Amino acid sequence: MRILVTGGCGFIGSNFIRFILEHYKPEFITNVDVLTYAGNLSNLQGIAEQNGERYEFFKVDIANQEAIDAVLTKHKFYAIVNFAAESHVDRSIDSPLNFIHTNIVGTEILLESARRHGVKRFVQVSTDEVYGSLGSEGRFTENSPLAPSSPYSASKAGADLLALAAYRTFGQEVLLTRCSNNYGPYQFPEKLIPLMITRALSDEPLSIYGDGRNIRDWIHVEDHCRAILAVLLEGKPGSVYNIGADCEEENIDLVRNILKILKKPESLIEYVEDRLGHDRRYAIDSSRLRSELDWKPLHTFSQGLEQTITWYIENREWWEPLIKTNR
Ligand SMILES: NC(=O)c1ccc[n+]([C@@H]2O[C@H](COP(=O)([O-])OP(=O)(O)OC[C@H]3O[C@@H](n4cnc5c(N)ncnc54)[C@H](O)[C@@H]3O)[C@@H](O)[C@H]2O)c1
Numbered sequence: 008m009r010i011l012v013t014g015g016c017g018f019i020g021s022n023f024i025r026f027i028l029e030h031y032k033p034e035f036i037t038n039v040d041v042l043t044y045a046g047n048l049s050n051l052q053g054i055a056e057q058n059g060e061r062y063e064f065f066k067v068d069i070a071n072q073e074a075i076d077a078v079l080t081k082h083k084f085y086a087i088v089n090f091a092a093e094s095h096v097d098r099s100i101d102s103p104l105n106f107i108h109t110n111i112v113g114t115e116i117l118l119e120s121a122r123r124h125g126v127k128r129f130v131q132v133s134t135d136e137v138y139g140s141l142g143s144e145g146r147f148t149e150n151s152p153l154a155p156s157s158p159y160s161a162s163k164a165g166a167d168l169l170a171l172a173a174y175r176t177f178g179q180e181v182l183l184t185r186c187s188n189n190y191g192p193y194q195f196p197e198k199l200i201p202l203m204i205t206r207a208l209s210d211e212p213l214s215i216y217g218d219g220r221n222i223r224d225w226i227h228v229e230d231h232c233r234a235i236l237a238v239l240l241e242g243k244p245g246s247v248y249n250i251g252a253d254c255e256e257e258n259i260d261l262v263r264n265i266l267k268i269l270k271k272p273e274s275l276i277e278y279v280e281d282r283l284g285h286d287r288r289y290a291i292d293s294s295r296l297r298s299e300l301d302w303k304p305l306h307t308f309s310q311g312l313e314q315t316i317t318w319y320i321e322n323r324e325w326w327e328p329l330i331k332t333n334r
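Numbering (my numbering) for the sequence shown: 8 to 334.
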């Protein structure tokens, strides 16, 4: 069985490729990634050497129809798992058009190409951010209305609707996952947890938006990857699966905890003007995934966070160059 993974040089895609190659021996993976600032070949260092013909990589833009067709002509693929995306909310506020190009046009090109080439399954990796923001009560279910706040989440919601339309109109076996905030190794140091860890390790100020009381629902990237694999293999076509680990944290508590683990002073914290359209709270109800596909998270937040902090301490040579070129 051969799977086409897109965006496999980013944070979650590279963790997914490692996970599959390690745990599911018969799989063959083709990875296409255009290598934006967030795509890093070193996220998969050693993978090609260790896996021989089980792994191959092509530098391809998913919004380039010809290049995607060429990849799909090369092999008969069982499935596409689409991770490729512009993924940072702040960057979407500065330049939304990149998000339309990759997240919407790119997804549609993949869906059409999958249809033409007879790819059986298509997993669209989406986000809980398509549901918008919650008040202090309740959780997002798969039936919550789409109410995205940022150009990022609006572009992901657009892609979700195109993917579901491909199921309804053409009968393509499309599956959608909507996951909460991920953390773990190889996350680009612009996202909250690695940003705070790397700043603290560099004794730089830790800037917190607004009052710091925004709530995110955290999940370890490996638990997300296991859930995507379960959906890919066993999910019901045309369905949406929320993925979450029931782990709500206020940003400020999380940042204080990181400083405590690193034995750094709270005086590094500085409050800055709030992000435009900043969602207040996310919380995800993943009971459908748990009951239908027998999934549950295996990482606790305290253990996963400590492990992630240790990874950033031990892998300075991975993140220091990224910070120099991107801050
Ligand atoms: N990070 C999270 O907390 C989170 C949570 C839920 C869902 N998601 C979704 O998971 C997916 C992966 O997120 P991530 O955090 O790994 O993102 P990331 O930014 O770390 O990685 C994105 C990857 O996509 C590649 N890419 C971008 N544009 C491309 C294009 N046009 N063609 C080919 N490759 C392209 C980049 O080079 C990069 O390797 C995204 O679709 C995101 O919306 C992320």
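Every residue gets a Cβ at the ideal spot worked out from N, C-alpha and C, and that includes glycine.
Note that the structure is a prediction, hence the values are computed from the model and not measured.
Requested in this report: Using beta-carbon positions only, say whether Pro-155 and Ala-161 come within less than 8 Å of one another.
Outcome: yes
Query - Ile-320 classed as buried or exposed, judged by whether at least 16 other C-beta atoms fall within 10 angstroms - result: exposed
Query raised in the report: What are the start and end residues of each continuous beta strand (DSSP E) run of 3 or more residues lying completely inside the stretch 66-122, in chain order?
Result: Runs of beta strand (DSSP E) with 3 or more residues, each lying fully within the stretch 66-122, are found at 86-89, listed in chain order.
Query raised in the report: Helix, strand or coil for Tyr-289 per DSSP?
Result: Collapsing the DSSP output to three states places Tyr-289 in coil.
Query raised in the report: Of all the options Thr-317, Tyr-193, Asn-58 and Asp-281, which has the alpha carbon lying nearest to the alpha carbon of Phe-229?
Result: Per the sequence shown, residue 229 should be read as Glu rather than Phe. Comparing Cα-Cα distances from Glu-229 to each of Thr-317, Tyr-193, Asn-58 and Asp-281, the minimum goes to Tyr-193.
Query raised in the report: What do you reckon, are the CB atoms on Arg-146 and Asp-292 nearer than 8 Å?
Result: yes
Query - Of the listed residues Tyr-138, Tyr-248 and His-82, nearest to Lys-303 (C-alpha basis) - result: Tyr-248
**Report entry** For Gln-131, the residue or residues it bridges with in DSSP
**Finding:** In DSSP, Gln-131 forms a bridge with Asn-89 and Leu-183.
Requested in this report: Pull up the distance between the alpha-carbon of Asn-110 and that of Leu-240, whole angstroms please.
Outcome: In a straight line, the C-alpha of Asn-110 is about 24 Å away from that of Leu-240.
Query raised in the report: Going along the chain, which unbroken runs of the alpha helix (DSSP H) with 4 or more residues stay wholly within the stretch 215-244?
Result: 228-241
Requested in this report: Flag this pair as yes or no: are the beta carbons of Leu-213 and Ala-170 separated by less than 8 Å?
Outcome: no
**Report entry** Neighbourhood of Leu-329 by C-beta distance below 7 Å, restricted to the same chain and skipping five residues each side
**Finding:** Phe-195 and Pro-196
Query raised in the report: Going straight from the alpha carbon of Phe-64 to that of Ser-94, what length do you get?
Result: 21 Å
Query - Asn-322 versus Ile-87: straight-line alpha-carbon distance, rounded - result: Using only the alpha carbons, I get a separation of about 31 Å.
Query raised in the report: Nearest-angstrom Cα distance between Ser-21 and Leu-51?
Result: 6 Å
Query raised in the report: Is any heavy atom in ligand 1 found nearer than 7 Å to the beta carbon of Glu-280?
Result: No, Cβ of Glu-280 sits at least 7 Å from all heavy atoms of ligand 1.
Report task. Following the continuous beta strand (DSSP E) through Tyr-159, name the residue where it begins and the one where it ends. Result -> Counting along the chain, Tyr-159 falls outside any beta strand (DSSP E), though it belongs to the alpha helix (DSSP H) covering 158-177.
Query raised in the report: Which residues bound the beta strand (DSSP E) around Tyr-319?
Result: Careful: Tyr-319 lies outside any beta strand (DSSP E), inside the alpha helix (DSSP H) at 308-321.
**Report entry** Alpha-carbon to alpha-carbon, Leu-261 and Tyr-31
**Finding:** Distance from the CA atom of Tyr-31 to the CA atom of Leu-261, rounded to whole angstroms, is 34 Å.
**Report entry** Cα-Cα separation between Cys-232 and Ile-276, rounded to whole angstroms
**Finding:** 32 Å
**Report entry** Euclidean distance between Cα positions of Glu-115 and Thr-176
**Finding:** 13 Å
Query raised in the report: Does ligand 1 have even one heavy atom less than 7 Å from the beta-carbon of Asn-189?
Result: yes
Query raised in the report: Relative to the alpha-carbon of Ala-164, which residue among Gly-139, Glu-299 and Glu-144 has its alpha-carbon at the smallest distance?
Result: Gly-139
Query raised in the report: Near Ala-173, which residues of its chain fall below 6 Å by C-beta distance, leaving aside the five closest residues on each side in sequence?
Result: Leu-118, Gln-179 and Val-181
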